[in-house]
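What follows is one structure encoded as structure tokens, with my remarks underneath.
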Amino acid sequence: MPERTDQPPDQPTPALPAPSYAAQVLATAAAELERMGPTRPATERTLRRAVTVAVAARLHTLPTAVADQAASAAWAAIPAGVEGNTNSVQARVLRGVARRLR
């Protein structure tokens with residue numbers, strides 16, 4: 705039977721781009737906030753702790769300059785106004801920011 709030429713050959717679906725290091729840090733920080741207790745009030749202190757844990761978990765194998773740049777980008781992307789949120793609400797905020805950073 706002859707080969708069909710009226711259809712393109714099967715092509716693999718292109719992979720989604722890998723999230724940036726800063727986006728990975730924010731997603732990990734969101735998970736850490738939820739681990740701390742989703743209904744607890746979010747504070748600057750809990751946010752700082754979650755991001756510090758996320759930086760250590762995600763960036764520890766990278767060269768210092770790259771890790772510093774990614775950590776700075778993650779911090780700069782976090783919107784102000786943590787007070788009044790619960791950890792789960794703040795985690796959603798961080799995940800939304802992480803999606804925009806990709």
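Per my numbering, residue 705 is the first one in the sequence shown, and the count goes up by one each step.
From the three backbone atoms N, C-alpha and C, an ideal C-beta is built for every residue, glycine too.
Asked	Found
Collapsed DSSP secondary structure at Thr-790 in the structure displayed	strand
Cβ neighbours of Thr-750 in the same chain (closer than 7 Å, five flanking residues each side left out)	Leu-737, Met-740, Asn-791
Pro-783 - partner residues in DSSP beta bridges	Paired residues: none, contrary to the question.
Rounded separation between Pro-783 and Ala-719 - CA only	30 Å
Uninterrupted alpha helix (DSSP H) stretches inside the region 726-791 (no shorter than 4 residues)	748-763, 768-781
Cβ neighbour criterion (16 or more within 10 Å) applied to Val-770	exposed
Contact under 8 Å by Cβ, Val-729 with Arg-762	yes
Three-state secondary structure assigned by DSSP to Ala-802	helix
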